[in-house]
Amino acid sequence: MKLSLPPDWPTTPQAAIALQQKLRSQIETSDRLGSVHTVAGVDVGFTEAGTVTRAAVAVLSFPALQLVESQIAYQPTTFPYIPGLLSFREVPAILVALSQLQTQPDLLLCDGQGIAHPRRLGIAAHLGLLVDLPSIGVAKSRLTGTHAELPPEKGSWVPLHDRNETIGAVLRSRTNTQPLYISSGHRISLETAIAYVLQCTPKYRLPETTRWADKLASNRRSGPQSPPPCHNNQQMNLFG
DNA sequence: GCGACAG
DNA sequence: ATCTTGTCGC
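If you count the first sequence from 1, position 72 lands on 72 in full-length UniProt numbering, and the numbers rise without skipping.
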């Protein structure tokens, strides 16, 4: 799929916050998705002392959850990690990885929050809006919001609130295990998002999509190691 | 002013 | 996120 970073992409935290304020109204939190036959997991990792961002995307069949395609992209890291501004650090590399995909996924599961964010534009919401695909935020910890106690059994969940609104759900994806923070990204409701996350999580705490993307973006991988990009065009030909 | 704070 | 070995519990 062909994608590219918008021309007005922010360079400073101030500009990033301003863009979030501008885009928040464009997020759709009601269901607008077709039949889901493929689900993609997206994750990011860092190498070279954090100077290089590695984005990975894994497309799985649904509901079989078998790997269909995966892509990895390396991009120089250009934005620091600032709580609330995660998308500006990770989205650039993610868009490159997604653009390399032959299979256009029907749904995106992202590491991080969807609208469970101070300005309702976490990375999952922002990414979904940019690529115009349904997306769900699947975070391993809380950014903002409060919630009641959560029963220990798999499948139980309680709403995540911020002021007077429900911004997401705290979901037990596995019995007696730390919960997941689920929220709508774009073009999907919270109820539907929870249902998909559970269907993508048959055995472990994290969805199969995320587990695949995690492994591909992680530093200690076993399989084929795609060489980090050479930025100085000094790619020498060892064979003359 | 103080504490919280996705990855 | 990343640095890193073994270890406790279902």
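Positions of the beta carbon are idealized from the N, C-alpha and C atoms, including for glycine.
Note that the coordinates shown come from a computational prediction; the quantities given were computed from them, not determined experimentally.
Shown here for A148: same chain residues with a beta carbon closer than 7 Å to its own, the five before and five after excluded, namely V158 in chain order. Take the alpha-carbon of L180 and the one of S4: they are about 30 Å apart. Linking L121 to I115 through their CA atoms gives a straight-line distance of about 5 Å. Taking a cut-off of 8 Å on C-beta distances, the segment 19-29 does not touch the segment 197-209, as fewer than three cross pairs fall below it.
In this structure, A40 is the residue among A40, I123, L206 with its C-alpha nearest to the C-alpha of A56. For I94, same chain residues with a beta-carbon under 6 Å away, outside a window of 5 residues either side, are V42, A55 in chain order. Rounded to whole angstroms, the Cβ separation of L109 and T209 is 5 Å, and the two are in contact under 8 Å.
In the three-state reduction of the DSSP assignment, A97 falls in the helix class. Judged by DSSP in its simplified three-state form, F46 adopts strand.
Around the Cβ of L67, a 10 Å sphere holds fewer than 16 other Cβ atoms; the residue is exposed.
Residue range 157-162 is occupied by the beta strand (DSSP E) that includes H161. In the DSSP annotation of this structure, the continuous segment of the beta strand (DSSP E) that includes H186 starts and ends at 180-186. I167 carries a strand assignment under DSSP once its states are collapsed to helix, strand and coil. A contact is defined here as three or more CB-CB pairs under 8 Å, and the segment 64-81 meets this definition with respect to the segment 92-107.
Boundaries around V57 are those of the beta strand (DSSP E), 52-61, since no alpha helix (DSSP H) includes it. Short of 6 Å from the beta carbon of W9, and not among the five residues preceding or following it, lies no beta carbon of its own chain. For T209, the secondary structure class from DSSP, reduced to helix, strand or coil, is helix.
Assigned with DSSP and collapsed to three states, L86 falls in helix.
According to DSSP, L5 shares a beta bridge with no other residue. Closest in alpha carbon position to I182, among T192, T175, N176, is T192. Within the model, the alpha-carbon separation for V44 versus P207 is close to 16 Å.
With contacts defined by Cβ atoms closer than 8 Å, P76 and V52 form a contacting pair. Approximately 13 Å separates the beta-carbon atoms of Q14 and R119; this is outside 8 Å, ruling out the contact.
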